[in-house]
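Asker:
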Amino acid sequence: MEHHEVIVIGAGVAGLYQIKRLADLGIDAVVLEAGSDLGGTWQWNRYPGARFDSESYTYGYSFSRDLLDEWHWKERFSGQPENLRYLNHVADKFGLRQDMQFNCRVEAAHYDEAQNLWRLRIDDGRIDDGRTGEGRALTCRFLILTLGLLSIPTLPRLEGMERFKGQSFHTFHWPHEPVEMAGKRVAVIGTGATGIQVIGEIADKVGELTVFQRRPNWSAPLNNGPISDAEMADIRRRYDEIFATCARTPGGFEHEPDRRGFHEVTRAERLALWDKLYDEPGFGIWLRNFKEIFTDETANAEFSEYIAERIRRRVKDPKVAEKLIPRDHGFGVQRVPLETRYFEAYNRPNVHLVDISETPIVSVTERGLRTSERDYDFDIIVYATGFDAITGAFDRIDIQGVSGEKLSDKWRTTISTFLGMMIHGFPNMLMPAGPQSGSASTNYPRGIETGVNWCTDLLEYMAAHGYARCEATETAEKRWTDHVTNMYAMMLMRKAKSWFTGYNSNVAGHEQGTVRYLVYNGGAPKYVNTINAVAAKGYEGVVLSADRGTAPAGSQPTAVA
Ligand code: NA7
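For any residue, its number in the working numbering is found by taking its place in the sequence shown, counting from 1, and adding 2.
1) From the DSSP secondary-structure annotation, give me the bridge partner or partners of H354.
2) Let me know the secondary structure DSSP gives I392 once reduced to three states.
3) Kindly confirm or deny that the stretch 31 to 50 and the stretch 97 to 113 touch, where touching means at least three C-beta pairs closer than 8 Å.
4) Just to confirm my understanding: we take F515, look at its own chain, exclude 5 residues before and 5 after, and list those with CB closer than 7 Å. What are they?
5) What number of angstroms, rounded off, separates the C-alpha of P273 from the C-alpha of S306?
6) Please name the residue or residues paired with H74 in a DSSP beta bridge.
7) Report yes if the C-beta distance between P155 and F389 is below 9 Å; otherwise report no.
8) Exposed or buried, E341, counting other C-beta atoms within 10 Å across all chains shown (16 or more means buried)?
9) Looking at A16 and G42, is the spacing between their C-beta atoms short of 9 Å?
10) Take the Cβ of H331 as the centre, count every other Cβ of all protein chains shown within 10 Å, and call the residue buried at 16 or more, exposed below.
11) With a CB to CB cut of under 6 Å and the five nearest residues on each side skipped, what residues in its chain are close to T487?
12) Could you tell me the boundaries of the alpha helix (DSSP H) in which T247 lies?
13) Once DSSP output is grouped into helix, strand and coil, what is the label at P559?
14) Any chance the CB of I313 is under 8 Å from a heavy atom of the ligand NA7?
15) Three Cβ pairs or more, each shorter than 8 Å: is that satisfied between the stretch 139 to 159 and the stretch 114 to 128?
16) In three-state DSSP terms, what is V544?
17) Considering only the alpha carbon of each residue, which of R550, H354, S405, E203 lies closest to H606?
18) Under the rule that 16 or more other beta-carbon atoms within 10 Å means buried, what is G449, buried or exposed?
19) Alpha carbon to alpha carbon, how far is V208 from L351? Give it in angstroms, no decimals.
20) Here's the rule: buried if 16 or more other CB atoms are within 10 angstroms of the residue's CB, otherwise exposed. What is T477?
21) Label H265 either buried or exposed according to how many other C-beta atoms from any shown protein chain fall within 10 Å of its C-beta, with 16 as the threshold for buried.
22) Quick check on the DSSP output: what are the complete beta strand (DSSP E) runs of length 3 or more inside the stretch 135 to 164, in order along the chain?
23) Give a single yes or no on whether A270 has its beta carbon closer than 8 Å to a heavy atom of the ligand NA7.
24) On the CB-based measure, 16 or more other CB atoms within 10 Å of its CB, does E271 come out buried or exposed?
25) Below 8 Å, how does it come out for the stretch 219 to 227 and the stretch 410 to 418: are there three or more Cβ pairs, yes or no?
26) May I ask you to report which of helix, strand or coil DSSP gives D26?
27) According to DSSP, is T387 helix, strand or coil?
28) For the beta strand (DSSP E) holding H5, just list the boundary residues, first then last.
29) With DSSP run on the structure shown, which of helix, strand or coil describes V33?
30) Does the Cβ-Cβ distance between V366 and T212 come in under 9 Å?
31) So for G14, helix, strand or coil by DSSP?
32) Straight-line CA distance for F296 to T196?
33) Could you give the DSSP three-state label for C106: helix, strand or coil?
34) Would you mind reading off the limits of the beta strand (DSSP E) that contains G370?
Right, dumping it as structure tokens:
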């Protein structure tokens, strides 16, 4: 049976860096990827308008000076094709493909206590051709899950979806071949970060565009632009400084919060800041703002009204403008989508907004969509309806720990982790960017590098001390989960129905709006300090043991370097 010291699941941004670290240490490791190629988010999401909302040069990996020096980001917020080229360049440069197996969907991962091994069953695409009939089995000592936090797309549960005779797809499954949109009647369902990117991009390229909006989202201009050779040279000179700034800001960006108290400055001063931020690129409007925006209802309401006024200024039809202004939550308590020409799209005669909170979609017909009011005919229906976020990819694998405990059972009502990277009862299983880690609420790759480094350091530490088994204690897990939970209490975010709080109307059990404590809100510096302190104390809260178990017949496990 194929055995590896480490199996990494998922060849996205996190999986790539994880396998690089393991390969550098000479550890026998492999990445299993369900898709046909690497890239994760940037492999799948090929919809028009898909791009970073992080500055490109803060999104790229920081681990290699050589890589930083040779890569030229062409746009401040780079688009999907370029991002995928970048990840392929990284894989090729560091020879990472040789340790990757594609079309390998892991169906099950069971911990074998007696042998201190993980036993994996994968559907490697060979089930149907009669060669194996049962997929493939592998074993490993350590299992590292880099599954992606937004990698399980969810579709509405609408009657008749299979009946539609035109083209329809979730944005995550946007076809690889070009989709002919000129002159076509296109529907977009969903106005989250994805829908807002798609709508802004295709409004002037399609025949008719009808947007089906259930709840509007607060969004603000991306203000993208090209990066010239001279600017890129300057960025390269400043990379150390840039990453140092990212490391000390809560969001892991170059954006530092305004340290003045919201109520300590005059309204004129607040307006001056907001006018400036609205015209600046990226998340500044969210992250360079006053901190009270996130915690104080009055501050949040005043700022939300400022943004509402901006929307009114940009959308010509006042009725449409009012529909685009969120009423059920304030600015910034959900993930803020950044937009390019989004609001102006609604000024075009070929773009129509349907408020499905008033006239819900009742079914999909052969020709299009039926709302409670009327039928609409379409050539293409785009579902920009989001993801079974953060825990969805974990739930799709039958993960069983000590004594056959199922992770999906453990996480059924609420989730619990240690540092977002380990789970009590699931020894030798690591999640560099897991639920409740510092990644989801911060600039993702910065969080990924932190998590991958911590997990890899743990493996090195174990090898150096002759340990073969690690497991977070129940007490440590409870302490961390309580900490994560308590932080929500301070945040207005807890009141919003979004993927940050585990809401998804398309997933049974997640549609009620009961808060699930999925992301760590303490900010990147605090997170890094905490996990570093744990490591410095010999991995306090983690039981380490030398029990190697018995090796499986026919395999020759290699020790960690
Ligand atoms: P989001 O942010 O979860 O947005 C999904 C959108 O789809 C949102 O507007 C939803 O409305 C809408 N939606 C979902 N299900 C339905 C149904 N059944 N009917 C109508 N409308 C629906 O996902 P995104 O892909 O946009 O963004 C995810 C993250 O990816 C983003 O934050 C970035 O980090 C990258 P609702 O608000 O639930 O009423």
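Virtual Cβ for every residue (Gly too), placed ideally from N, Cα, C.
Answerer: Taking the geometry as given:
1) Bridge partners of H354: T212.
2) Coil at I392, not helix or strand.
3) The answer is yes - the stretch 97 to 113 touches the stretch 31 to 50, with three or more Cβ pairs under 8 Å.
4) Sequence inspection shows Gly at residue 515; the Phe mentioned does not correspond to that position. If we look at G515 and ignore the five residues flanking it on each side, its Cβ neighbours are K499, Y505.
5) Reading the sequence as shown, one finds Leu at residue 273 and not Pro. CA-to-CA, the gap between L273 and S306 works out to about 12 Å.
6) According to DSSP, H74 bridges with nothing at all.
7) In this structure, F389 lies closer than 9 Å to P155 by Cβ.
8) So E341 ends up on the buried side.
9) Yes. Within cutoff.
10) Flag for H331 reads buried.
11) Cβ within range, chain order: Y519.
12) Unbroken alpha helix (DSSP H) run through T247: 231 to 250.
13) With a pLDDT of 41 at P559, under the threshold of 50, the modelled position of that residue is not reliable, and no figure is offered here.
14) Because no heavy atom of the ligand NA7 lies under 8 Å away, the Cβ of I313 does not count as near it: no.
15) Touching, per the Cβ criterion.
16) In the displayed model, V544 falls within a strand according to three-state DSSP.
17) Lying outside 3 to 563, the shown extent of the chain, residue 606 is not represented and no answer is given.
18) Flag for G449 reads buried.
19) Looking at the sequence provided, one finds Pro at residue 351 rather than Leu. So the alpha carbons of these two residues sit roughly 12 Å apart.
20) T477 is exposed by the Cβ-count criterion.
21) H265 is exposed by the Cβ-count criterion.
22) The stretch 135 to 164 contains these whole beta strand (DSSP E) runs: 138 to 147.
23) The answer is no for A270.
24) With a 10 Å radius around the Cβ and a threshold of 16 neighbouring Cβ atoms, E271 comes out exposed.
25) Under the Cβ criterion (8 Å, minimum of three pairs), the stretch 219 to 227 does not count as touching the stretch 410 to 418.
26) Reduced to three states, the DSSP call for D26 is helix.
27) The three-state reading of DSSP puts T387 in coil, since its state is none of H, G, I, E or B.
28) In the DSSP assignment, H5 falls within the beta strand (DSSP E) that extends over 4 to 11.
29) The answer is strand: DSSP assigns V33 an E or B state.
30) With contacts defined as CB atoms closer than 9 Å, V366 and T212 fail to qualify as a contacting pair.
31) Per DSSP, reduced to three states, the secondary structure at G14 is coil, with no helix or strand assignment.
32) Each residue's Cα considered, the two are about 23 Å apart.
33) Reduced to three states, the DSSP call for C106 is coil.
34) For G370, the enclosing beta strand (DSSP E) starts and ends at 370 to 373.
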